[in-house]
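Colleague: In this note's numbering, the protein residues as written are 125 to 284.
All residues carry an ideal CB built from backbone N, CA and C; glycine is no exception.
#1: Taking three-plus beta-carbon pairs below 8 Å as touching, is the segment 205-222 in contact with the segment 190-197?
#2: Please list the terminal residues of the continuous alpha helix (DSSP H) segment that includes residue 137.
#3: Are the Cβ atoms of residue 148 and residue 260 separated by less than 8 Å?
#4: Could you have a look at residue 244 and say whether DSSP puts it in helix, strand or coil?
#5: Can you list, in chain order, the stretches of the beta strand (DSSP E) that have 3 or more residues and sit fully within the segment 179-263?
#6: For residue 231, which option in 244, 209 and 240 has the closest C-alpha, if you only look at C-alpha atoms?
#7: I'd like the list of long-range same chain contacts for residue 174, defined as Cβ closer than 8 Å, with 5 residues on each side in sequence excluded.
#8: Quick check: the Cα distance between residue 130 and residue 246, rounded to an integer number of angstroms?
#9: Does residue 251 pass the burial test, meaning 16 or more other C-beta atoms within 10 Å, or should it be called exposed?
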């Protein structure tokens with residue numbers, strides 16, 4: 125299991141549920157950073173960056189350039205070739221035995237990895253099982269890269 129204490133996990137959970145969370149871990153010498161990002165107008169996700177990057181080629185294990193750490197830190201999704209309803213219709217039409225002869229891949233599944241989690245609870249549940257996971261920072265206040273201050277210029281006076 126990870127070397128992170130219960131109190132630290134509670135602090136991580138609280139941070140990840142906030143509006144602008146930043147949590148940075150290290151695992152196998154790699155930096156894993158988590159930030160909240162917008163999916164659409166009303167939905168946000170917890171994005172997981174590996175050494176500051178999210179690369180599309182990492183999402184499928186059989187692709188060239190796949191990074192094995194993705195299996196540990198990204199969200200695994202599974203999809204079936206045929207939906208449950210479609211499979212039932214085919215079984216009714218052909219029978220179970222005949223269907224397996226015609227379509228041996230009727231029960232086949234494919235999986236891929238997503239660089240984001242829908243909730244902090246699923247992320248924490250997966251990360252608690254990781255060996256060698258270490259916390260680096262929790263929140264912006266403890267961040268190694270402080271937020272840059274932006275200068276606010278005076279707006280031109282409105283003519284009334």
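Modeller: Considering the structure as presented:
#1: no
#2: 130-140
#3: yes
#4: helix
#5: 199-204, 233-238 and 258-262
#6: 209
#7: 154, 155, 156, 182, 191, 193, 194 and 197
#8: 16 Å
#9: buried
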